[in-house]
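Engineer: Chains D, R, B and C supply the protein sequences, listed in that same order. Read in order, the letters of the first sequence correspond to residues 1 to 421 in the numbering used here. Read in order, the letters of the second sequence correspond to residues 1001 to 1165 in the numbering used here. Read in order, the letters of the third sequence correspond to residues 2001 to 2221 in the numbering used here. Read in order, the letters of the fourth sequence correspond to residues 3001 to 3118 in the numbering used here. By construction, the Cβ of each residue, glycine as well, lies at the ideal position given by its N, Cα and C atoms.
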Amino acid sequence: MSDGPGLSDYRRREQSVTLEQLEQPLDVPGVESSAELLTLNFGPHHPATHGVLRLLVTLQGEIVRDIKPVIGYVHTGIEKTAEDKSYWKVIPVVERMDYLAYYFNAMAYVGAVETLLEAEVPKRAQYLRIIHLELNRIASHLIWLGTSALDLGAVSIFLYCLRERDIVLDLFEMSSGQRMHTRYFQVGGVIEDIPPGFERKVREFCKVMPARADEYGAILNANEIVLQRLRGTCPLDAETLLSLGVTGPLLRAAGNPWDLRKAAPYSSYEDFDFKIPVGTVGDNYDRFAVRLAEIYESVKIVEQALDGLPEGPYITEDRKVALPPRHELATSMEALIHHFKLVTEGFRVPPGEIYNPIESPRGELACFVRSDGSSKPARVHMRDPSFVNLQALSHMVKGSYIADMIATVAMLDPILGGIDR
Amino acid sequence: MPDATGLELLAQELGDSVLETVYFRNRATLEIDPETVCSVLRGLRDRGFTLLASVHGVDYHPSEPRLGVHYELLDMARVDRVTVKLRVGLDAPEVDSVTPEWPTADHQEREIYDMFGVVFRGHPNLRRILMPEDYEGHPQRRDFPVGGEPVIFTRDERKWLEARE
Amino acid sequence: MAAGGIDVEVKRERLGSPVEPEGLRVRDLNAHQLLRGADIEGPNRPAHLEGEELERYVEERVLTTTLDSAVAWARGNSFFPLAFGLACCAMEQFHTAGPRMDIARFGFEAFRASPRQADLIILAGRVSIKMAPIIRRLYDQMLEPKWAISMGACCSSMGVFNNYALVPADKFMPIDVHVPGCPPRPESLMHGILKLRDLVLADPPEGWRTRYAAVGTEEAP
Amino acid sequence: MLRTYLPAIVFLVLGGAVGGTFAVLNSVIGPRRAAPHKQDPYECGLPSEVKRGMRFGISFYLIAMLFILFDIEVVFLYPIAVEFRAYGSFALFETIVFIVLLFVAFVYVWRRGALTWK
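(1) For threonine 1029/R, is the classification buried or exposed, using 16 other Cβ atoms within 10 angstroms of its Cβ as the cut-off for buried?
(2) Taking a Cβ distance cut-off of 8 Å, strictly less, list which residues of the stretch 1024-1055 of chain R are near chain D, in chain order.
(3) So, with DSSP's three-state summary, where would you put alanine 82/D?
(4) Which chain D residues sit within Cβ distance under 7 Å of glutamine 1140/R?
(5) Quickly, what does DSSP pair methionine 2151/B with across the bridge? List them, please.
(6) Tell me, please, whether the CB atom of histidine 1107/R is closer than 7 Å to any CB atom in chain D?
(7) Helix or strand or just coil, what does DSSP make of serine 267/D?
(8) By DSSP, does arginine 379/D sit in helix, in strand, or in coil?
(9) Valine 1118/R and leucine 1067/R look like a contact to me (Cβ under 8 Å); what is the Cβ gap, rounded to whole Å?
(10) In terms of alpha-carbon separation, which member of Arg65/D, Glu79/D, Leu416/D lies closest to serine 394/D?
(11) Excluding the five sequence neighbours on either side, which residues of its own chain have a C-beta within less than 8 Å of the C-beta of arginine 2185/B, listed in chain order?
(12) Between arginine 383/D and chain R, is there a C-beta pair that is closer than 7 Å?
(13) Taking contact to mean at least 3 C-beta pairs separated by less than 8 Å, is the stretch 317-328 of chain D in contact with the stretch 408-417 of chain D?
(14) Starting from histidine 1056/R, follow its DSSP beta bridges and name the residues at the other end.
(15) Taking DSSP as the reference, what is the three-state secondary structure of aspartate 283/D?
(16) Mind checking which residues open and close the beta strand (DSSP E) that includes isoleucine 2103/B?
(17) With 9 Å as the limit, tell me which residues of the stretch 1005-1018 of chain R have their beta carbon closer than that to any beta carbon of chain E; keep them in chain order.
(18) Pull up the DSSP beta-bridge partners for serine 386/D, would you.
(19) So, helix, strand or coil for leucine 365/D, using DSSP?
(20) Would you kindly work out how many angstroms separate the C-alpha atoms of glutamine 391/D and proline 69/D, rounded to a whole number?
(21) On the CB-based measure, 16 or more other CB atoms within 10 Å of its CB, does threonine 3116/C come out buried or exposed?
(22) Could you tell me the distance, in whole angstroms, from the CA atom of leucine 3014/C to the CA atom of serine 3089/C?
(23) Using a C-beta cutoff of 7 Å, does proline 1103/R count as contacting chain D?
(24) From what residue to what residue does the alpha helix (DSSP H) around tyrosine 314/D run?
(25) DSSP state of aspartate 1096/R, grouped into three classes?
(26) Can you tell me whether glutamate 297/D is helix, strand or coil according to DSSP?
(27) If we call anything under 7 Å between Cβ atoms a contact, is phenylalanine 274/D one with lysine 300/D?
(28) Compare the C-beta of leucine 133/D against all C-beta atoms of chain B and say whether one is closer than 7 Å.
(29) Do you know how far the Cα of aspartate 1033/R is from the Cα of proline 1065/R?
(30) Buried or exposed for histidine 327/D, please, with buried defined as at least 16 other CB atoms from any protein chain shown within 10 angstroms of its CB.
(31) According to the neighbour-count rule (16 or more other Cβ atoms, all chains shown, within 10 Å of its Cβ), is phenylalanine 3084/C buried or exposed?
(32) Tell me which residue opens and which closes the beta strand (DSSP E) that glutamate 353/D is part of.
(33) Taking only the alpha-carbon atoms, compute the straight-line gap between asparagine 223/D and aspartate 307/D and give it to the nearest angstrom.
(34) Measure from the C-beta of methionine 2001/B to each C-beta in chain C and report whether the shortest distance is under 7 Å.
(35) Looking at glutamate 134/D and valine 278/D, is the spacing between their C-beta atoms short of 7 Å?
(36) So what does DSSP say about isoleucine 1032/R, is it helix, strand or coil?
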C-alpha cells in the first residue's frame, strides 16, 4: 500500500498543509525577530494530549507564546450517520461520541426525543438513570484523575484509578450486559430492570469508593511536586470563562457554582440533596480539587437514589414507544403488531426542534434534535462541552511554561471523541 | 423558560428584525432576519441572556431558504433559555460573525462553515476545523452522500484483488 | 444472498497426523522412563544407558532450537506496544494494562510513547481520513520487525460508522491481527496479542478450519 | 600489578562484550526494510517544520553551564569521600573550605536571578 512514485491521496492531503498556511502574524511584545520562536507540533500522536488533539505551539525557549488547537483527527461523521438511522438505532451511534460519558450522551438524546414525544418516564426509570449517570460520572473522573496523574508523573495513581473503574464497569456489565456503550437508556426509560444482586454490589462500591478517593487525595495533596505544578498555574477568571462559553468543573473551579443538576433539575434530580464543589482562584489545583470532590458527591447521590428507588415499571407503558415484554408476544396479537411496527420501522416523532441540555462530567452537554415527522431524525447535534472548553486553552496557557501547559491540558479533561464528533 | 406571553413581549421589544416566534414544548424560539443577528444578540444580552451556550447549523433541505443557524442563549440569573434561529439561502450563504462579541462562537462557526458552507463575515480565522484542510464539499448537507464503502471480508478478498489489478 | 445461494454444507475430515506425537509432554515422559530403564526389558534393568538409548535420551531431554526460532521466541515475548489510543477502544486498552487484566503478566506493559522504541502498534479506535496519513507515517517510522493490531470494529471494518469520514486500517497499512468488538473487552485484546505472539513464534495453533481442512464454511459470496 | 586490577579489567571486557554483541546482533538479525519516511525526524506523526538553522534561546546555555559547574563540584567530593578516614581532620577542613567557596558562588548566582527562567 506504500505510495510509490505517485502520492496516495491521503498522503498528498496531509503534506499539502504546511505550517506557513497556519502561521499567523505573531504580535508578541518584546520579540522582534522570529528566529528565537520555535513552532512545534504538540501533535496528534502524543502521550499527554489525552487523545488525538494537535496543538500548534509557538515557543520562546520554555515559554509558550502562542497555541492553536487543531482538531478533527478522530472526526467520525456521527451526526451525519445519525440522520439515516431510525430514532431507536441512533442511541448506540450517539453513545460513541464522548466515549467516557456514554450514559450522558444517551441521556441527552433520549431526553430530547422524550420531550418531542411528550412521553412520560416512570419514576423508577428516572432513578435507575440517575444511578447509572452518577456511576458513569465517577468512572469518567477516575480516567481523568488517572491520566492527569500520569502526566504529572504519579504513575501508580493510574493503576489505582483503573482498579476502581473496573468495579464500576462490572456494575454496568451486570445491569446492562456490556462494559461500555451499553445502550441501556431507551426512549421512555431503561431497557431492562436491574438484576437482584445489583443493589448490594452498588452499596458495596459506595462504601469502598470514598475511602479510595481519600487515598488518592492523601497521595496527591501531600506530594510537593504535584502541588508545585498545580497551584497557581494558568488561572482563568469566571468572566473570561463565561464569555468563552465554558461550563462544568472548569467554571465551578473559578467560583461560579453553575451546575444544571441544581439550576435546572431534570430526571428528578431535585429529590436528592448533594453539594456542588466550587473553587476560588480558578487555577489548576482548584480544577483538580473540584473534580476530586465531585466523586464524593456522586457517591452520595447514588446511595440516596438506591434508598429511594421506587417500585413500578422501568419503561413507559406507552406501547407506541416501548417494546412490549417478550412473554406478552406469545399471547396478545396487539403486542405482536406493536413489536413488529417498532422493530421494522420504529416510532414516528411529531415534527419540531428541541435543545435538551444536561450536566455531563465536563460541562453542559446538550442534544439538539430536529424531527420532520418521519421515523428518522432530520438533524442530531451534540453541543459537546469539551469542544467549547477547548477554546479556553489558549487563554489559560499563553505566557506559561511547557510543563504548565501539559498540566492545563490534563486539567481541561478534553475528550476528543466528543470534540470531533 | 420565557412563557408564551414573555416571548411575544421580547419579540416586540426587538422590533421588526424578528420574523416569527415559535413556542414549542415550552421552549422559546425567535426566528430573525439574518442581517440583524449581531444587534438581536446584543439586545438579548442586555436583557440578561449573557451566556451563548451553542451555535449550530441545520440543513432544512426540502424547504427554502435552506441553511439554518441556531444560537442558544442562556440567562444564568433567571435560569432562562431562548433560541435565536436564522435561515440563509444556498445562493448567498453569508452571515455576520458574532465571534468579536461572543468569543465562544469561534470554533462553532468554523464547524458550521466546514460542515454546511455558511460563510461568516468578520470571523478572524474562518477555516475548516474538522475535515482536512483541502477537503472538497460540505459533508453534513442533506444532499451530500453518506459515503462509506463495502467492507473487504475474507470471503470476497479475491474479488477485491482482481478489481485492484 | 447473491446468486450462489447458501451452499454451506460443512465437510470435515481429520487431517493425516493427529496431534503431533513428539509433543514436549510426551518426550518428557519417554525420557523419564528411559532413565528408570523400565520399558526396555524387565524391571531390573540397570539405570545407566549407553549407545542408542543414550542418544535418544539426550535428544529427548535437550531442546535443540535453531537460531531464528530462538530469535522469534525473544521477539514474540517482548513486544513494546506504541501508546496510541484513538478513541473508545483506548479506554479498554488502558484496562488491558490495568491491574485486573494486567498485560504485565506477559511482559507487554512497557507502552512506549515514540515509534522509535516500539515494535507493535495497536490501533485502538476509529481512523478518520485526516488521521490516516499520520498513522501511515508512524508505522513507517517504527522499529523493524513491526506488527500491527487493529483493535475494534471501527478500525477493522469501519464498524458502526461506515461513512465518508472513516478509513478501514487495511486500506493504508498491513494489519496482522484484527480484534473484533466495539469496544473489545480487555480479555479479547489480550487474546489478540497472544495470537500475534504465536504468529511471531512461527507456530500458530491450527485454527479449527485448518485442523479439519473444513471447506464450504465461508459465507456465500 | 595485574592481580589488583583484574576485577576491573574483567568487568570492562565483559561489559563491552555484552553491550557490543547486542548492538551488533540487532544490525545482523534485524530485517532492513526501506520505508518512505523512515529517516524523517519524528514529530508526533507530522512532517517536521523545524529548520536546521534553529538557534536555541540563551537561557538554555546558561542553565547548562551552571549545571556543569556544580556537577564537577560533586565529582571532586567522591575521591575524598572514599578515603575520608585515612586523611584525618586535615581533609575535613579542606573540603569544608571547598564547599563554602562554591556555596558563595551559588548564592551569588541565585541572587542575580540566573536560576529563574526568563
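Structural biologist: Straight from the coordinates:
(1) The residue labelled residue 1029/R in the question sits at position 29 within the second sequence. Classification of threonine 1029/R: buried, given that the 10 Å Cβ count is 16 or more.
(2) Contact residues of the stretch 1024-1055 of chain R toward chain D are Phe1024, Arg1025, Arg1027, Thr1029, Thr1050, Leu1051, Leu1052, Ala1053, Ser1054 (C-beta to C-beta distance below 8 Å).
(3) As a position in the first sequence, residue 82/D is number 82, starting the count at 1. Collapsing the DSSP output to three states places alanine 82/D in a helix.
(4) Numbered from 1 along the second sequence, position 140 holds the residue referred to as residue 1140/R. Within 7 Å Cβ-Cβ: Glu79, Lys80.
(5) As a working mapping, residue 2151/B is identified with position 151 in the third sequence. Residue pairing by DSSP puts methionine 2151/B in a beta bridge opposite Ala2124/B, Val2179/B.
(6) Taking the first residue of the second sequence as position 1, residue 1107/R is located at position 107. Output row for histidine 1107/R: interface = yes.
(7) The residue labelled residue 267/D in the question sits at position 267 within the first sequence. It is coil, neither helix nor strand.
(8) Position 379 of the first sequence, counted from the first residue, corresponds to residue 379/D. Arginine 379/D: strand per DSSP, three-state reduction.
(9) Within the second sequence, numbered from 1, the residue matching residue 1118/R stands at position 118. Within the second sequence, numbered from 1, the residue matching residue 1067/R stands at position 67. Contact between valine 1118/R and leucine 1067/R holds: their C-beta atoms lie close to 5 Å from each other, under 8 Å.
(10) For this step, residue 394/D is matched to residue 394 along the first sequence. The shortest C-alpha separation from serine 394/D is found at Arg65/D.
(11) For the purposes of this step, residue 2185/B is taken as residue 185 along the third sequence, with counting starting at 1. So the list reads Glu2092, once near-sequence residues are dropped.
(12) For the purposes of this step, residue 383/D is taken as residue 383 along the first sequence, with counting starting at 1. It does: the Cβ of arginine 383/D has a partner Cβ on chain R nearer than 7 Å.
(13) no
(14) Start at 1 with the first residue of the second sequence, and residue 1056/R comes out as number 56. Its beta-bridge partners are His1070/R.
(15) Locating residue 283/D in the first sequence gives position 283, where the first residue counts as 1. Three-state DSSP puts aspartate 283/D in coil, outside helix and strand.
(16) Locating residue 2103/B in the third sequence gives position 103, counting from the first residue. Careful: isoleucine 2103/B lies outside any beta strand (DSSP E) and carries neither H nor E.
(17) The structure shown contains no chain E; its protein chains are D, R, B and C.
(18) Position 386 of the first sequence, counted from the first residue, corresponds to residue 386/D. None, per the DSSP bridge assignment.
(19) For the purposes of this step, residue 365/D is identified with residue 365 of the first sequence, where counting begins at 1. Strand.
(20) Residue numbering aside, residue 391/D sits at position 391 when the first sequence is read from its first letter. Residue numbering aside, residue 69/D sits at position 69 when the first sequence is read from its first letter. Going from the Cα of glutamine 391/D to the Cα of proline 69/D covers about 8 Å.
(21) For the purposes of this step, residue 3116/C is taken as the residue at position 116 of the fourth sequence. So threonine 3116/C counts as exposed.
(22) The count along the fourth sequence starts at 1 and reaches residue 3014/C at position 14. The count along the fourth sequence starts at 1 and reaches residue 3089/C at position 89. In this structure, the CA atom of leucine 3014/C is about 40 Å from the CA atom of serine 3089/C.
(23) In the second sequence, the residue the question calls residue 1103/R occupies position 103. Chain D, which has a Cβ nearer than 7 Å to the Cβ of proline 1103/R, makes this yes.
(24) Working through the first sequence from its first residue, we reach residue 314/D at position 314. Run containing tyrosine 314/D: none; DSSP gives neither H nor E here.
(25) Start at 1 with the first residue of the second sequence, and residue 1096/R comes out as number 96. Residue state, collapsed to three classes: strand.
(26) Sequence index remark: in the first sequence, residue 297/D carries index 297 (1-based). The answer is helix: DSSP assigns glutamate 297/D an H, G or I state.
(27) For this step, residue 274/D is matched to residue 274 along the first sequence. For this step, residue 300/D is matched to residue 300 along the first sequence. Yes, Cβ-Cβ distance for phenylalanine 274/D and lysine 300/D is below 7 Å.
(28) As a working note, residue 133/D is residue 133 in the first sequence. Not an interface residue.
(29) Indexing the second sequence from 1 puts residue 1065/R at position 65. Indexing the second sequence from 1 puts residue 1033/R at position 33. The C-alpha of aspartate 1033/R is placed about 12 Å away from the C-alpha of proline 1065/R.
(30) Here residue 327/D corresponds to residue number 327 of the first sequence, with the count starting at 1. Answer is exposed; the Cβ neighbour count stays below 16.
(31) Here residue 3084/C refers to the residue found at position 84 when the fourth sequence is read from its first residue. By the 10 Å Cβ count, phenylalanine 3084/C comes out exposed.
(32) On the first sequence, position 353 is the one that residue 353/D refers to. Segment 352-360, the beta strand (DSSP E) holding glutamate 353/D.
(33) Here the question's residue 223/D lines up with position 223 in the first sequence. Here the question's residue 307/D lines up with position 307 in the first sequence. In a straight line, the C-alpha of asparagine 223/D is about 37 Å away from that of aspartate 307/D.
(34) Looking up residue 2001/B in the third sequence gives position 1. Annotation note: pLDDT 35 at methionine 2001/B (below 50); position unreliable, coordinate value reported separately. Judged by the 7 Å Cβ criterion, methionine 2001/B is not in contact with chain C.
(35) Translated into positions along the first sequence, residue 278/D becomes position 278. Translated into positions along the first sequence, residue 134/D becomes position 134. Not a contact, by the Cβ cut-off of 7 Å.
(36) Locating residue 1032/R in the second sequence gives position 32, counting from the first residue. Three-state DSSP puts isoleucine 1032/R in a strand.
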